[in-house]
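First up is the structure itself, then whatever we jot down about it.
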Amino acid sequence: MKVLVATEKPFAAVAVDGIRKVLDEAGYELALLEKYTDRQQLLDAVADADAMIIRSDKVDAEVLDAAKNLKIVVRAGAGYDNVDLAAATAHGVCVENTPGQNSNAVAELVFGMAVMAVRNMYNGTSGSELKGKRLGIHAFGQVGRNVARIAKGFGMEVCALDPYCPEEVMVAAGVEPVKDIKALYSGNQVVSLHIPATAETKGSVGYDLITLLPKNGVLVNTARKEVMDEEGLRKALADRPDLKYVADVKPDNAEVLLAEFPGRVFFTPKKMGAQTAEANINAGIAAARQIVEFLRDGKAPFRVNK
Numbered sequence: 255m256k257v258l259v260a261t262e263k264p265f266a267a268v269a270v271d272g273i274r275k276v277l278d279e280a281g282y283e284l285a286l287l288e289k290y291t292d293r294q295q296l297l298d299a300v301a302d303a304d305a306m307i308i309r310s311d312k313v314d315a316e317v318l319d320a321a322k323n324l325k326i327v328v329r330a331g332a333g334y335d336n337v338d339l340a341a342a343t344a345h346g347v348c349v350e351n352t353p354g355q356n357s358n359a360v361a362e363l364v365f366g367m368a369v370m371a372v373r374n375m376y377n378g379t380s381g382s383e384l385k386g387k388r389l390g391i392h393a394f395g396q397v398g399r400n401v402a403r404i405a406k407g408f409g410m411e412v413c414a415l416d417p418y419c420p421e422e423v424m425v426a427a428g429v430e431p432v433k434d435i436k437a438l439y440s441g442n443q444v445v446s447l448h449i450p451a452t453a454e455t456k457g458s459v460g461y462d463l464i465t466l467l468p469k470n471g472v473l474v475n476t477a478r479k480e481v482m483d484e485e486g487l488r489k490a491l492a493d494r495p496d497l498k499y500v501a502d503v504k505p506d507n508a509e510v511l512l513a514e515f516p517g518r519v520f521f522t523p524k525k526m527g528a529q530t531a532e533a534n535i536n537a538g539i540a541a542a543r544q545i546v547e548f549l550r551d552g553k554a555p556f557r558v559n560k
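Below, the structure written as C-alpha cells:
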C-alpha cells in the first residue's frame with residue numbers, strides 16, 4: 255500500500271518521522287510531496303496512491319479522477335472544507351479528519367488574540383482584563399471545550415451555544431448552556447466563533463448579531479472566514495466604534511477594514527491556529543494511524559462523508 259503525504263505547507267520533520275514510523279510498522283510505503291507549486295505535481299503524485307494525508311491541500315473531483323487506487327483521504331486537522339465530500343463519495347473514497355489533535359493550539363490562539371484586543375492591540379493605552387468578563391462560545395466542539403478550560407483559568411464566566419452538543423456535556427465542563435443565539439451575543443463581552451463553514455452557517459454572523467455585543471465587545475474568529483457576513487461586519491464596526499474583531503482567518507475585505515478601523519481589527523497573515531509543533535505532530539501521526547486502521551481493519555471512526 256502506498257500512502258501519499260501531499261502538503262503544500264509541509265509537516266515538521268519530526269511529524270514526518272512519526273508518520274513514517276507508523277507506516278513502516280504497518281508495512282506501507284510512504285511517498286512525500288512537499289511544497290509543491292504546480293497542481294499537476296499533485297495529480298501525478300496521487301495517480302498510484304492507495305491513501306493520502308493532506309493539510310490545507312484541495313482534493314476535488316480532478317484529484318479524485320487522477321487517483322485510480324485511492325481508498326482514503328485523511329485531512330490532518332479538524333476542518334475539511336478543502337475536500338469535495340460528494341465527489342469523494344462518488345469515487346468510493348473515505349474521507350476522515352483528525353478531530354481534537356490541534357484543538358489546544360487553536361484555543362490558545364483565541365486567548366492570545368483576546369488579550370491583545372482588550373489591551374487595545376498593545377498600543378500603550380490602558381485596556382481591560384479578561385478576569386470577570388463573560389465569554390460566549392459559539393459551537394462547543396473540541397476547540398470550544400479547550401477554550402472553556404482555558405477561560406476558567408482566566409477567571410471568566412463561560413457559556414456556550416451548540417444545538418448538536420448535549421447540555422450535560424457543557425454543564426460537566428462548568429459551562430452554562432445557551433439555547434438562543436441572540437442571548438449568546440448580547441450576554442457576553444467576548445464571543446469566540448468555532449462553527450464550521452456549511453450551507454447553514456456561511457454568512458450567518460453579520461450586522462444583527464455583532465451589534466448585539468455589549469459595550470466594548472470583542473468577537474474572535476478562529477473558525478472560517480466564510481461564516482462571516484463581511485459587509486455586515488464592516489457596517490457593525492462603523493456603527494459601533496466600541497467593538498473589536500480579531501481573526502485567524504483574514505477576510506476578503508481585510509485591507510478595507512484595517513484602513514477604516516485602525517486599532518480595532520487584527521488578522522493573522524495566514525491561518526495559523528493549528529500551527530504549533532505539537533499540533534503538527536499530533537495531527538500528522540493521528541492521520542497515519544487512521545489510515546492504517548482503515549486499510550488494515552476497515553475502521554473509519556472519524557469518517558465525514560457517506
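According to this note's numbering, the residues represented by the sequence shown are 255 to 560, in order.
Beta carbons: idealized from backbone N, C-alpha and C, even for Gly.
Here the structure is a predicted model, which means the values were calculated and not measured.
Would Glu350 be called buried (16 or more neighbouring beta carbons within 10 Å of its own) or exposed? By the neighbour-count rule (16 or more Cβ atoms within 10 Å), Glu350 is buried.
Roughly how far, in whole angstroms, is the beta-carbon of Tyr461 from the beta-carbon of Lys489, given that I think they are within contact range, below 8 Å? Contact between Tyr461 and Lys489 holds: their C-beta atoms lie close to 5 Å from each other, under 8 Å.
Glu454, DSSP secondary structure in three states: Coil.
With a threshold of 6 Å on Cβ separation, who are the neighbours of Glu430 within its own chain once the five nearest residues in sequence on each side are excluded? Taking C-beta separations shorter than 6 Å and ignoring five residues to either side along the sequence, the partners of Glu430 in its chain run Cys413, following chain order.
Would Ala541 be called buried (16 or more neighbouring beta carbons within 10 Å of its own) or exposed? With 16 or more Cβ atoms within 10 Å of its Cβ, Ala541 is classed as buried.
Limits of the unbroken beta strand (DSSP E) element including Thr522: Taken as a continuous stretch (DSSP letters only), Thr522 belongs to no beta strand (DSSP E), as it is neither H nor E.
What is the C-beta distance between Leu258 and Met306, in whole angstroms, given that I count them as a contact (C-beta under 8 Å)? With a contact defined as Cβ atoms closer than 8 Å, Leu258 and Met306 qualify at about 5 Å.
Which parts of the stretch 458-491 are runs of the beta strand (DSSP E), unbroken and 3 residues or longer, counting only runs that do not cross its ends? If only complete runs of 3 or more residues are kept, the stretch 458-491 shows the beta strand (DSSP E) at 472-475, in order along the chain.
Taking DSSP as the reference, what is the three-state secondary structure of Met370? In this structure, Met370 counts as helix in the three-state DSSP scheme.
Buried or exposed, going by whether 16 or more other CB atoms sit within 10 Å of the CB of Tyr418? Exposed: under 16 other Cβ atoms inside 10 Å.
With distances taken Cα to Cα, identify the nearest neighbour of Gln443 among Gly471, Met482, Ile464 and Val546. Of the candidates Gly471, Met482, Ile464 and Val546, the one whose C-alpha sits nearest the C-alpha of Gln443 is Gly471.
With three or more beta-carbon pairs closer than 8 Å as the criterion, would you say the stretch 315-324 touches the stretch 527-534? Taking a cut-off of 8 Å for Cβ pairs, the stretch 315-324 and the stretch 527-534 do not touch, as fewer than three such pairs fall below it.
So which of Ser357, Ala342 and Gln544 has the shortest CA-CA distance to Gln529? For the residues Ser357, Ala342 and Gln544, the minimum Cα distance to Gln529 belongs to Ser357.
If you drop the 5 nearest sequence neighbours on each side, which residues of the same chain put their C-beta closer than 8 Å to that of Tyr334? Residues of the same chain with a CB within less than 8 Å of the CB of Tyr334, apart from the 5 flanking positions on each side, are Val349, Asn351 and Val558 in chain order.
Cβ-Cβ separation, Lys498 to Ser519 (assumed contact under 8 Å), whole Å: The displayed chain sequence assigns Val, not Ser, to residue 519. Contact between Val519 and Lys498 holds: their C-beta atoms lie close to 7 Å from each other, under 8 Å.
Thinking C-beta only, is Lys256 closer than 9 Å to Asp302? Cβ atoms of Asp302 and Lys256: closer than 9 Å.
Looking only at DSSP bridge pairs, what is Ile307 linked to? Its beta-bridge partners are Val259 and Val328.
Other residues of its chain near Met375: CB distance less than 7 Å, five sequence neighbours each side excluded: Gly517 and Phe520.
CA-CA distance, Arg274 and Gly538? Each residue's Cα considered, the two are about 10 Å apart.
Sorted by chain position, which residues of the same chain lie with C-beta nearer than 7 Å to Gly395's C-beta, five sequence neighbours on each side aside? Answer for Gly395: His448, listed in chain order.
Proximity of Thr465 and Asp502 at Cβ, strictly below 9 Å: Against a cut-off of 9 Å, the Cβ pair of Asp502 and Thr465 comes out as no contact.
Cβ neighbour criterion (16 or more within 10 Å) applied to Ser380: In summary, Ser380 is exposed, with fewer than 16 beta-carbon neighbours lying within 10 Å of its beta-carbon over all protein chains present.
State the Cα-Cα distance for the pair Asp416 and Val268, rounded to the nearest angstrom. The straight-line gap from Cα to Cα measures roughly 36 Å.
So Glu422 is in the alpha helix (DSSP H); what residue range does that whole segment cover? Segment Glu421 to Ala426, the alpha helix (DSSP H) holding Glu422.
Skipping 5 residues on each side, what residues in its chain have a beta carbon closer than 6 Å to that of Arg373? Counting only residues of its own chain and dropping the five nearest sequence neighbours on each side, Arg373 has a CB closer than 6 Å to the CB of Gly381.
If you draw a straight line from the C-alpha of Val369 to the C-alpha of Ala315, how long is it? Rounded to the nearest angstrom, the two C-alpha atoms are 42 Å apart.
Same chain, Cβ closer than 8 Å to Glu421, five either side skipped, listed in chain order: These residues qualify, in order along the chain: Pro431.
Which ranges would you report for the alpha helix (DSSP H) in the stretch 333-370 if only whole runs of at least 4 residues count? If only uninterrupted alpha helix (DSSP H) runs of at least 4 residues are considered, those enclosed by the stretch 333-370 are 339-344.
Member of Lys433, Asn400 and Thr455 whose CA lies at the smallest distance from the CA of Gln355: Ranked by Cα distance from Gln355, the options Lys433, Asn400 and Thr455 are led by Asn400.
Of the residues Val397, Val459, Lys385 and Val425, which one's Cα is nearest the Cα of Met410? The shortest C-alpha separation from Met410 is found at Lys385.
Using the Cβ count rule (16 or more neighbours within 10 Å means buried), how would you classify Arg329? The residue in question, Arg329, is buried, as its Cβ has 16 or more Cβ neighbours within 10 Å.
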